[in-house]
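Numbering (full-length UniProt numbering), first residue to last: 1 to 404.
What follows is the structure, encoded as structure tokens:
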């Protein structure tokens with residue numbers, strides 16, 4: 001039985017949400033993202049893209065390219081609300097779906113063609129979402145996730161199309177190789193250096209050559225270029241890491257302020273771990289200097305979710321990293337190698353009173369807010385953000401770009 005996979009993409013989602021709340025933005029070039037000097041474009045309207053603006057571009061550059069653009073700071077909670085509304089519609093209608101990001105979904109409708117046309121079903125779902133949310137939406141339908149995603153990208157904005165079984169390779173052949181989802185900037189540069197610009201070139205290459213040049217990724221890329229992708233639609237995302245980072249509005253050399261910020265990040269992430277019944281065994285700290293020299297160091301530790309252990313490790317890594325008397329642009333903390341479970345006390349090392357204190361602090365935070373209880377040294381820190389429940393199986397929300 002051939003699979004039928006629908007890929008749904010909410011067109012310029014952040015911009016579309018802003019336009020629903022402010023009708024004056026309709027038809028005008030709009031940039032959503034950081035409004036400060038170091039802000040980054042999180043999303044831009046098609047009117048702004050005509051000037052060469054794209055997401056992840058520095059806001060200053062975007063405003064130079066499109067001076068008449070309207071800049072909106074953005075609100076991740078509003079976008080989450082709209083996304084949840086669409087998710088509820090899809091959950092009600094779809095037999096099996098995967099929310100791959102705040103504005104993208106995959107739906108497996110395999111077998112439905114025997115009773116009801118998959119393409120017709122997808123069109124009706126799209127129309128229902130538009131009727132209820134008034135947001136523009138595009139979709140692609142094919143036999144796998146890769147071809148469906150590419151098909152969606154080719155039919156945007158606010159369109160839909162189906163790539164029939166057996167026509168996947170033919171559809172992909174004339175497209176630029178960068179259209180394949182796994183091809184990022186570095187891979188694209190490598191392919192260009194090999195004289196590969198279009199998918200058809202990869203289709204005509206022997207798989208052994210791709211394996212020799214790029215290893216396992218080369219084999220995956222070759223298969224995707226042929227229109228082959230057996231990856232499943234997964235309804236639940238098991239989060240493998242949790243992190244927090246901040247780019248400063250003004251570079252700083254205040255070491256104590258940097259340590260206080262990292263402490264606040266580690267404390268908040270530890271709270272999320274305990275709330276999600278998770279443990280971490282790897283702490284990573286990142287420091288980016290004003291000259292964009294980025295240093296990262298990590299350390300493996302016994303599985304834990306306790307503040308004092310994670311904070312101590314974070315501080316140790318920062319002391320090892322911060323070896324240059326140069327202004328700092330960004331700092332960040334990441335906990336990875338996550339597993340489910342509760343912390344097991346060490347008989348001769350852990351203090352029962354301290355464990356009980358964490359439990360009471362968490363109870364207060366859950367009742368009165370995440371900032372209801374803080375260490376004195378973290379009271380002045382701002383901009384590290386909050387997450388409702390990072391372990392709910394949903395992909396992380398892309399927050400509005402924060403600057404301190």
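Glycine residues also receive a C-beta, built at the ideal position from the N, C-alpha and C atoms.
Check whether residue i and residue j have beta carbons under 9 angstroms apart
| i | j | result |
| --- | --- | --- |
| residue 31 | residue 45 | yes |
| residue 177 | residue 196 | yes |
| residue 82 | residue 43 | no |
| residue 94 | residue 125 | yes |
| residue 331 | residue 246 | yes |
| residue 248 | residue 287 | no |
| residue 73 | residue 12 | no |
| residue 90 | residue 132 | no |
| residue 168 | residue 193 | no |
| residue 310 | residue 354 | no |
| residue 2 | residue 165 | yes |
| residue 202 | residue 210 | yes |
| residue 321 | residue 295 | yes |
| residue 378 | residue 260 | yes |
| residue 41 | residue 33 | yes |
| residue 78 | residue 21 | yes |
| residue 158 | residue 182 | no |
| residue 147 | residue 215 | no |
| residue 263 | residue 314 | yes |
Contacting residues, own chain, Cβ-Cβ under 8 angstroms from residue i (five flanking each side not counted)
| i | result |
| --- | --- |
| residue 175 | 150, 154, 198 and 199 |
| residue 48 | 29, 30, 31, 62, 66 and 69 |
| residue 26 | 19 |
| residue 292 | 329 |
| residue 303 | 279, 280, 281, 339, 341 and 343 |
| residue 16 | 10, 135 and 136 |
| residue 97 | 90, 91, 105, 106, 107, 108, 233 and 235 |
| residue 347 | For residue 347, the pLDDT reaches just 44, beneath the cut-off of 50, and the residue's location in the model is therefore unreliable, although a value from the coordinates is still provided. Answer for residue 347: no residue qualifies. |
Beta-carbon proximity list for residue i, same chain, < 7 angstroms, skipping 5 on both sides
| i | result |
| --- | --- |
| residue 337 | 280, 281 and 282 |
| residue 365 | 271, 372 and 373 |
| residue 324 | 289 |
| residue 207 | 219 and 222 |
| residue 113 | 4 |
| residue 85 | 133 |
| residue 121 | 109 and 112 |
Cβ-based neighbour list, residue i, same chain, cut-off 6 angstroms, excluding 5 preceding and 5 following
| i | result |
| --- | --- |
| residue 9 | 104, 138 and 152 |
| residue 231 | 145 |
| residue 180 | 224 |
| residue 356 | none |
Where the alpha helix (DSSP H) containing residue i begins and where it ends
| i | result |
| --- | --- |
| residue 358 | 352-368 |
| residue 155 | 145-155 |
| residue 308 | 307-321 |
| residue 407 | An answer regarding residue 407 cannot be provided, because it is not within the stretch 1 to 404 covered by the chain. |
| residue 188 | 185-193 |
| residue 378 | Run containing residue 378: none; DSSP gives neither H nor E here. |
| residue 334 | Segment 328-336 is the beta strand (DSSP E) holding residue 334; no alpha helix (DSSP H) there. |
| residue 16 | 13-21 |
| residue 261 | 255-275 |
| residue 168 | 168-172 |
Delimiting residues of the beta strand (DSSP E) encompassing residue i
| i | result |
| --- | --- |
| residue 9 | 5-10 |
| residue 249 | 241-252 |
| residue 139 | 137-142 |
| residue 472 | With the chain covering 1 to 404 only, the question about residue 472 has no answer from this structure. |
| residue 226 | Taken as a continuous stretch (DSSP letters only), residue 226 belongs to no beta strand (DSSP E), as it is neither H nor E. |
| residue 288 | 278-289 |
| residue 160 | 160-162 |
*Are the segment 327-337 and the segment 239-248 touching, with three or more C-beta to C-beta distances below 8 angstroms?*
yes
*Which whole runs of the beta strand (DSSP E) in the segment 25-103 are 3 residues long or more, in chain order?*
For the segment 25-103, whole beta strand (DSSP E) runs of length 3 or above, ordered along the chain, are 30-33, 41-44, 70-72 and 97-101.
*Output the residue ranges of the alpha helix (DSSP H) runs that lie fully inside the segment 193-221 and measure 4 residues or longer, sorted by chain position.*
199-204 and 207-214
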